[in-house]
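Residues 26 to 465 (the numbering used here) are what the first sequence spells out, left to right. Just so it is clear, CB atoms sit at the ideal spot from N, CA and C, and this is done for glycine as well. In what follows, a structure is listed as structure tokens, so that the remarks can point back to it.
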Amino acid sequence: MKYQTIKGTFDRLPADAAKWRLIEETARVVLERFGAGEIHTPIFEDVGVFSKAAGDSSDIVRKEMYAFTDRGGRNLCLRPEATAGMVRAYLEHGFSSKPTPVKFWTFEPMFRGEKPQKGRERQFHQVGYEILGLSDPLADAEIIDAGVQLLSQLGIEEYVIHLGSVGDPEDRAAYNQYLRDTLSPAFARLSAESKERLELNPMRILDSKIESDQALLKELAVKPMLEFLGSEARDHFEAVQKCLTAWEIPFVVDSSIVRGLDYYRRTAFEFIHNSPALAGCSTILAGGRYDGLAEILGGQHTPGVGWGCGAERLILAIEAEKIDVPELEKPLVYVIPLDEESILYAHNVAREARRVAQSLAAYKVKGMGKALSDAEKFGARFAVIIGSNERETSILNIRELATREQFTVSLEEFGEWLFEQDFGSGLEANIRMLEAQLEA
RNA sequence: GUGGGUGUAGCUCAGUCGGUUAGAGCGCCGCUCUGUGGCAGCGGAGGUCGCGGGUUCAAAUCCCGUCUCCUACCCCA
């Protein structure tokens with residue numbers, strides 16, 4: 026084959042559909058319970074939406090954006106993340122005149138030109154949830170709660186919430202200055218990567234994986250960001266914690282939380298999965314507050330908090346925790362014609378059955394054994410056998426594949442019979458259950 | 001972007017010391033097969049041995065390059 030998917034992209038095949046649908050439908054049900062409206066922004070936008078938002082020093086902008094120029098000479102890029110586009114949409118459509126807050130959820134592909142590896146693709150997919158217009162710490166807590174609810178409804182349990190605060194811009198500036206002042210004298214002892222970080226983003230040094238860096242930090246007794254929070258950011262941080270505690274949502278305060286995107290303010294959090302299967306990509310959901318973003322995009326001040334949740338990593342977690350994924354609907358009936366004259370008749374029966382449930386009919390006559398075997402391979406529950414007898418008498422011969430029990434139903438009662446069947450095993454039923462569960 | 005590993009049929013994999021027309025199992029299609037069978041037997045389709053160079057009388061096999069995927073970094077969901 027000459028063509029194949031390009032590096033870091035993959036085809037989502039029918040065999041994977043159940044997991045993806047579980048994620049999307051669970052997100053829909055859970056997040057709409059929080060009042061979030063479904064939003065889909067374009068897959069590509071003016072490059073400025075993302076580059077201004079993320080900041081020129083971020084790795085995403087520096088080396089990971091799929092930027093291109095279209096025929097009109099516009100500088101565009103494939104979106105590397107969801108938030109900036111949603112804030113742009115909020116501003117563009119005047120959502121500030123809607124009752125506050127405005128909540129958005131989405132499930133969309135994102136694009137980053139990274140080297141692919143486990144839990145990291147060039148086209149990857151995120152569930153996103155944002156609360157816009159509210160600076161209240163209650164919104165931060167609620168957004169974290171929404172993440173908890175989403176994972177809980179998916180059955181994912183083996184994770185820890187890491188909560189931190191990156192403070193307000195002036196706090197961060199002060200802290201970065203402190204880091205430079207503290208680490209510069211020891212510049213020669215930093216790793217090559219950290220030497221670069223000291224210029225660009227000193228906070229990155231804190232979560233360096235290089236032992237010598239960590240040893241140096243310890244030796245110099247480098248203070249955490251949290252000690253540099255201004256009084257407002259500190260009050261905000263404490264209020265968020267108070268809410269989470271009241272809601273019995275466990276979390277650990279993690280002062281090393283750093284953000285790759287410049288627009289974050291105050292609250293930052295990551296849901297980190299414990300499974301070794303997610304080693305190196307254990308952050309399954311991450312987000313924070315970005316009160317300055319709207320202004321960066323040229324709009325009026327609009328506080329916001331939100332998170333993104335990586336679907337590919339969610340799938341790894343679902344697999345690691347061996348979570349039962351509800352199967353998609355399979356055919357209720359597979360209609361078998363026994364002679365040439367019955368083929369069209371068989372398809373007529375299948376059409377009738379499709380008014381109620383998924384149904385198939387064979388396109389050619391085969392031996393009965395093969396035909397029943399086909400029915401089973403297609404996952405059908407019942408085989409409906411059509412031959413001259415059935416056509417003449419208008420009585421359908423129905424065989425339940427699993428039990429091998431056979432019985433007859435007259436053609437006129439067939440519709441009624443279809444409705445009596447149990448469809449309880451499919452995902453749709455599962456979602457109905459989920460909704461009922463949330464109702465309670 | 002850097003390092004390591006990898007690549008033969010749709011899938012899982014054989015393929016000797018470099019040797020002539022590259023194999024198996026499963027799957028797919030067909031026949032035996034005319035309504036109680038899901039079996040079994042037989043047959044068929046499907047391959048630029050990732051791609052491109054090189055060495056050689058001869059390359060899936062040896063050498064170089066390149067790409068993919070996996071993986072560790074950087075970084076991130």
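Sequence-distant residues of its chain with Cβ nearer than 8 Å to residue i (five each side left out)
| i | result |
| --- | --- |
| residue 203 | 248, 253 |
| residue 72 | 90, 92, 100, 101, 102 |
| residue 60 | 128 |
| residue 427 | 406 |
| residue 380 | 440, 443 |
Of the listed residues the options, nearest to residue i (C-alpha basis)
| i | options | result |
| --- | --- | --- |
| residue 439 | 72, 426, 407, 92 | 407 |
| residue 260 | 139, 165, 34, 71 | 165 |
| residue 241 | 295, 211, 294 | 211 |
| residue 329 | 269, 125, 409, 429 | 125 |
| residue 112 | 233, 237, 130 | 130 |
| residue 370 | 68, 381, 386, 286 | 386 |
| residue 134 | 255, 337, 384, 83 | 337 |
| residue 288 | 403, 193, 350, 250 | 193 |
| residue 348 | 176, 70, 74 | 176 |
| residue 429 | 365, 409, 184, 286 | 409 |
| residue 300 | 182, 422, 423, 105 | 182 |
| residue 415 | 433, 398, 425 | 433 |
| residue 275 | 185, 318, 367, 401 | 185 |
| residue 436 | 420, 62, 411 | 420 |
| residue 74 | 49, 312, 115, 48 | 115 |
| residue 40 | 351, 76, 98 | 351 |
Helix, strand or coil at residue i according to DSSP, with G and I counted as helix
| i | result |
| --- | --- |
| residue 120 | helix |
| residue 71 | strand |
| residue 310 | strand |
| residue 410 | strand |
| residue 179 | helix |
| residue 290 | strand |
| residue 135 | strand |
| residue 475 | Because the chain spans 26 through 465 in this model, residue 475 falls outside it and cannot be assessed. |
| residue 372 | helix |
| residue 173 | helix |
| residue 425 | strand |
| residue 210 | helix |
| residue 146 | coil |
| residue 466 | The shown model of the chain, from 26 to 465, leaves out residue 466, and the question about it has no answer. |
| residue 382 | coil |
| residue 154 | strand |
| residue 92 | strand |
| residue 38 | coil |
| residue 278 | strand |
| residue 80 | coil |
Residue i classed as buried or exposed, judged by whether at least 16 other C-beta atoms fall within 10 angstroms
| i | result |
| --- | --- |
| residue 160 | buried |
| residue 108 | buried |
| residue 221 | exposed |
| residue 388 | exposed |
| residue 272 | exposed |
| residue 122 | exposed |
| residue 225 | exposed |
| residue 28 | exposed |
| residue 316 | buried |
| residue 205 | exposed |
| residue 68 | exposed |
| residue 208 | buried |
| residue 258 | buried |
Other residues of its chain near residue i: CB distance less than 6 Å, five sequence neighbours each side excluded
| i | result |
| --- | --- |
| residue 120 | 127 |
| residue 278 | 188 |
| residue 233 | 219 |
| residue 80 | 287 |
| residue 491 | Within the shown structure, residues of the chain are numbered from 26 to 465, placing residue 491 beyond reach of any answer. |
| residue 340 | 44 |
Nonlocal neighbours in the same chain, by C-beta distance under 7 Å from residue i, ignoring five residues either side
| i | result |
| --- | --- |
| residue 229 | 222, 283 |
| residue 378 | 357, 358, 384, 443 |
Inset, instruction - Evaluate the contact criterion for the region 49-62 versus the region 170-178: three or more CB pairs, one atom per stretch, below 8 Å. - result: yes
Legend entry - Inter-stretch contact (C-beta, 8 Å, three-pair minimum) for the region 318-334 and the region 344-362: no
Legend entry - the region 138-147 contacting the region 27-46, beta-carbon criterion three pairs below 8 Å: yes
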